[in-house]
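What follows is a set of notes on a single structure, which appears directly below.
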Amino acid sequence: MRRAHFLFFFYVAVAAFASGCSATIRHPCENEFAKLDADFEGARMSKCEARKKSFNIRITPENEPINPSPWYAFRVSPKQSGELIINMGYTKAAHRYRPKRSEDAVNWRLIDTDRISERGRGKKVKLRVKINDTPFIIAAQELFLIDTYDDWIDDIVRRVSLKKQTIGASVEDRPIIAVKSEPDVDRKKKEYVLFVGRQHPPEVTGAFAMLPFLETIFADTMLANKFRDHFHIIAVPLMNPDGVVRGHWRHNANGVDLNRDWGPFTQPETQAIKNLLDQIEKDESGYLRLMLDFHSTKRNVFYTQSSSDVTNPPKFAQSWLTRTRERLDGYEFERAERHQSDLPTSKNYVFTRFGAPAITYEVGDETDRELVRESARVFAEEMMENLLAFDSEPGD
Numbered sequence: 011m012r013r014a015h016f017l018f019f020f021y022v023a024v025a026a027f028a029s030g031c032s033a034t035i036r037h038p039c040e041n042e043f044a045k046l047d048a049d050f051e052g053a054r055m056s057k058c059e060a061r062k063k064s065f066n067i068r069i070t071p072e073n074e075p076i077n078p079s080p081w082y083a084f085r086v087s088p089k090q091s092g093e094l095i096i097n098m099g100y101t102k103a104a105h106r107y108r109p110k111r112s113e114d115a116v117n118w119r120l121i122d123t124d125r126i127s128e129r130g131r132g133k134k135v136k137l138r139v140k141i142n143d144t145p146f147i148i149a150a151q152e153l154f155l156i157d158t159y160d161d162w163i164d165d166i167v168r169r170v171s172l173k174k175q176t177i178g179a180s181v182e183d184r185p186i187i188a189v190k191s192e193p194d195v196d197r198k199k200k201e202y203v204l205f206v207g208r209q210h211p212p213e214v215t216g217a218f219a220m221l222p223f224l225e226t227i228f229a230d231t232m233l234a235n236k237f238r239d240h241f242h243i244i245a246v247p248l249m250n251p252d253g254v255v256r257g258h259w260r261h262n263a264n265g266v267d268l269n270r271d272w273g274p275f276t277q278p279e280t281q282a283i284k285n286l287l288d289q290i291e292k293d294e295s296g297y298l299r300l301m302l303d304f305h306s307t308k309r310n311v312f313y314t315q316s317s318s319d320v321t322n323p324p325k326f327a328q329s330w331l332t333r334t335r336e337r338l339d340g341y342e343f344e345r346a347e348r349h350q351s352d353l354p355t356s357k358n359y360v361f362t363r364f365g366a367p368a369i370t371y372e373v374g375d376e377t378d379r380e381l382v383r384e385s386a387r388v389f390a391e392e393m394m395e396n397l398l399a400f401d402s403e404p405g406d
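Counting along the sequence shown from 1, when you hit position 145 you're at 155 in the working numbering, and nothing is skipped either side.
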């Protein structure tokens, strides 16, 4: 067994063993000024100590080893007006996400930077927050939970007459939902595009891009209608519902990074995607033309195959991103070419198996939200234009 594969399976075994312990406390922690709790979906507060005029809280990951995406979310219920001090301490990571505040879990605003101070290279963070008589949530990013996905899927399926299909279930038996669109007319070849999202729970800006991207494909426009007449579309917006509900930093309920499980397919969430890909490959007239995987990181970047890799359609990434860049104003992004590696990621697996362009669409953690949505629509339009321009069936 190659060393990389051995380390991966060792990691899975250790992670699965470690994941039995919850890293989020649910009971409240209070003093005369306020009460803090983490008794809601998406919450993460691993320890809380109430002092006379402040709180000390600890944020720990679901298990280790883990990438540094230190998610936190907790509720503050004030008992009087004034200013509250919350001292946050991290283990195994430094502060990454600028705190956001919401009274209704729908509308969010950034906490002013002059009310945030860091020490110990980001291991300790002090928040000074104003309180009145209204409870509010402080979180690393906006809460983007299962109900939001369900409402969005039901709405778009109804409006566009799409097919909603449960393709599998998570470790904790939450449904993995796919939205599908098929051409009305049978064609000699069946060309597929696959879009997946939210493998990693904190990466909500990827979701902010994915939904308007899909809305553009499913819109009642000449371009979108032509695209849907030609391509079979499969979209799985939420691959890791358990991690989202649990407030995980990165992993599923078994403590496994799903984007390191494409190939081994040890987890039910990735097995559900594999079944879709198997069906495409078994169809002699079926061809996968593109896979996009929506994520978030510290900047806007697209991870693609290298220019020397032969994709089908050829040079899709170069053409798509070049044409989109010409149309965008204010949305800066990088194309980062990556050679194939032993890592069992979606990008590596899909390209190796199908030869199709397999691209990781990464959105910056703090990129302006409206700009994320606007640019996603442009990326979707240019994606459709580029794929329709190619006649890429082998042998043609």
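Idealized CB from N, CA, C, for every residue including glycine.
Straight across, the Cα-Cα distance linking Ala149 with Arg85 is about 9 Å. Of the residues assessed, His37 falls on the exposed side of the cut-off, its CB having fewer than 16 other CB atoms within 10 angstroms. In the DSSP assignment, the residues bridged to Ala44 are Pro88.
One thing to note: Lys134 has its Cβ no nearer than 8 Å to the Cβ of Ile95. In the same chain as Ser180, and ignoring 5 residues on each side of it, the C-beta atoms closer than 8 Å to its own belong to Ile186, Asn250, Pro251, Asp252, Asn262, Ala263, Pro278 and Glu279, in chain order. The shortest CA-to-CA distance from Ile243 to any of Met301, Phe275, Asp293 and Arg270 is the one to Met301. Taking the Cα of Glu152 as reference, the smallest distance to any Cα among Gln289, Ile121, Val189 and Arg345 is reached at Ile121. The continuous beta strand (DSSP E) containing Ser64 extends over residues Ser64 to Ile69. Setting aside the 5 residues that flank it on each side, Glu225 has no residue in the same chain whose C-beta is closer than 6 Å to its C-beta. Burial is judged here by how many other beta carbons sit within 10 angstroms of a residue's own beta carbon; Pro324 has fewer than 16 and is exposed. Look at Val254 here: in three-state DSSP terms it is helix.
When the beta-carbon positions are compared, Met55 and Ala48 come within less than 8 Å of each other. Here the alpha carbon of Glu342 sits roughly 31 Å from the alpha carbon of Lys102. Within the DSSP bridge table, the entry for Glu93 names Lys140 as partners. By the Cβ criterion, the stretch 70 to 81 is not in contact with the stretch 114 to 128, since fewer than three pairs of Cβ atoms, one from each stretch, lie closer than 8 Å.
Selection Ile147, Lys357 and Phe312 evaluated against Ala386 yields Phe312 as nearest (Cα-Cα). Burial state of Ser306 is buried, judged by a 10 Å Cβ sphere holding 16 or more other Cβ atoms.
Between the stretch 356 to 365 and the stretch 313 to 322 there are three or more inter-stretch CB-CB distances shorter than 8 Å, so the stretches are counted as touching. Contact between Asp303 and Tyr371 is confirmed by a C-beta separation of about 7 Å, below the 8 Å threshold.
Arg129 and Asn66 have their C-alpha atoms roughly 14 Å apart. When rounded, the separation of the alpha-carbon atoms in Ile35 and Leu287 is 39 Å.
Around the beta carbon of Asn285, fewer than 16 other beta carbons lie within 10 angstroms, which makes this residue exposed. For the pair Val206 and Val170, the CB atoms are not nearer than the 8 Å cut-off.
The Cβ atoms of Thr332 and Val388 do not sit closer than 8 Å to each other. Taking the C-beta atoms as reference points, Arg383 is found nearer than 8 Å to Phe218. Boundaries of the beta strand (DSSP E) harbouring Met301: Gly296 to Thr307, taken from the DSSP string.
Within the stretch 359 to 404, complete beta strand (DSSP E) segments of at least 3 residues are found at 368 to 374, given in chain order. Counting only unbroken stretches of 3 or more residues, the beta strand (DSSP E) elements lying wholly within the stretch 181 to 210 are 185 to 191 and 200 to 207, in sequence order.
For Lys357, the three-state secondary structure derived from DSSP is helix. Apart from the 5 residues on each side of it in sequence, Arg131 sits with its Cβ closer than 7 Å to the Cβ of Ala104 in its chain, given in chain order. In the three-state DSSP reduction, Ser329 falls in the helix class (H, G or I).
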